[in-house]
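K.L.:
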Amino acid sequence: MNLLFDFTVDKAAKTVFITREFDADQSLVWDAFTKAEILDQWVAPKPFISKTKFMDFKVGGRRFYAMVSPEGQERWAIQKYISISPKTNFKMFNAFADKDENPELPGSDWDYTFSEQNGKTTVRITIYNESLARMEKMIEMGFKEGFSVSMSNLENLLTTLSKRA
1 MNLLFDFTVD
11 KAAKTVFITR
21 EFDADQSLVW
31 DAFTKAEILD
41 QWVAPKPFIS
51 KTKFMDFKVG
61 GRRFYAMVSP
71 EGQERWAIQK
81 YISISPKTNF
91 KMFNAFADKD
101 ENPELPGSDW
111 DYTFSEQNGK
121 TTVRITIYNE
131 SLARMEKMIE
141 MGFKEGFSVS
151 MSNLENLLTT
161 LSKRA
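Under full-length UniProt numbering, the residues of the sequence shown are numbered 1 to 165, in order.
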């Protein structure tokens with residue numbers, strides 16, 4: 001099955017637009033993005049792993065997590081949830097951080113929209129960066145490649161979870 005994956009960078013708008021389709025139920029895809037125990041299974045591009053220290057998915061709540069390299073090196077990030085419309089949309093502010101939760105600014109604003117049609121769920125993600133330099137650094141660090149791998153991880157996990165349901 002050929003599922004849509006579109007990744008567009010608009011430098012003038014300092015924004016990355018991502019659209020990804022999944023062959024899974026909308027509520028399952030929503031859970032994969034909003035529950036730490038599922039997120040940690042797919043969000044890190046291998047050989048990295050994701051380790052969530054805490055996640056409070058509510059407006060004003062936060063997720064503090066690290067991407068951990070095979071050598072054990074941790075790269076922390078903090079996310080603050082700005083708005084949540086259950087099953088259809090959430091917005092958050094994301095910034096790299098040190099191990100003591102001090103954010104490295106500037107960060108980026110992420111807007112996730114979920115919709116389902118004919119049993120397929122489409123996730124649209126808009127990432128607005130406060131600075132063009134930060135966005136370019138993110139792209140240079142292999143964000144597109146890493147994100148593509150994460151999306152494949154999620155697709156495989158959703159297949160497994162769908163079979164269990």
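Positions of the beta carbon are idealized from the N, C-alpha and C atoms, including for glycine.
(1) Nearest-angstrom Cα distance between residue 42 and residue 50?
(2) Using only the alpha-carbon positions, how far apart do residue 137 and residue 80 sit?
(3) Starting from the C-beta of residue 36, find all residues in its chain whose C-beta is less than 6 Å away, skip the five residues before and the five after it, and write them out in chain order.
(4) Just to check my reading of the structure: residue 113 and residue 89 have Cβ atoms closer than 8 Å, yes? What is that Cβ distance to the nearest angstrom?
(5) Could you pull out every residue in the same chain whose Cβ sits closer than 6 Å to the Cβ of residue 99, ignoring the five residues on either side in sequence?
(6) Given this structure, state the Cα-to-Cα distance separating residue 225 from residue 32, to the nearest angstrom.
(7) For residue 59, which residues in the same chain have their Cβ closer than 8 Å to its Cβ, ignoring the five residues on either side in sequence?
(8) In three-state DSSP terms, what is residue 186?
(9) How would you label residue 165, buried or exposed, when you count the other beta carbons within 10 angstroms and need 16 or more for buried?
(10) Whole angstroms are fine: how far does the CA of residue 134 sit from the CA of residue 102?
(11) What is the residue span of the alpha helix (DSSP H) that residue 41 lies within?
(12) To the nearest whole angstrom, what separates the beta carbons of residue 115 and residue 94, a pair I think is in contact under 8 Å?
(13) So what's residue 80 in DSSP terms, helix, strand or just coil?
(14) Does DSSP classify residue 74 as helix, strand or coil?
(15) I need the straight-line Cα distance from residue 70 to residue 27, nearest angstrom please.
(16) Taking residue 65 as the reference, give the member of 145, 34 and 78 with the closest Cα.
P.N.:
The relevant details are as follows:
(1) Across the structure, residue 42 and residue 50 are spaced so that their CA atoms are roughly 8 Å apart.
(2) Approximately 21 Å, taken between the alpha carbons.
(3) Take residue 36, set aside five residues on each side of it, and the residues of its chain with a beta-carbon closer than 6 Å to its own are 52 and 55, in chain order.
(4) The beta-carbon distance between residue 113 and residue 89, rounded to whole angstroms, is 5 Å. This is short enough to meet the 8 Å contact definition.
(5) Excluding residues within five positions, the ones whose Cβ falls inside 6 Å are 76.
(6) The displayed coordinates of the chain run from 1 to 165. Any statement about residue 225 would go beyond what the structure contains.
(7) Leaving aside the five residues that flank residue 59 on each side, the residues in its chain whose CB is nearer than 8 Å to its CB run, in chain order, 81, 82, 83 and 84.
(8) The structure shown has nothing for residue 186, since the chain only spans 1 to 165.
(9) With fewer than 16 other Cβ atoms within 10 Å, it is exposed.
(10) Answer to the nearest angstrom: the Cα atoms are 17 Å apart.
(11) Start and end: 36 to 42.
(12) Wrong, their Cβ atoms sit about 22 Å apart, outside the cutoff.
(13) Under the three-state reduction of DSSP, residue 80 is assigned to strand.
(14) Here residue 74 sits in strand by DSSP.
(15) Taking the straight line from one Cα to the other gives about 32 Å.
(16) Considering only alpha carbons, the answer is 78.
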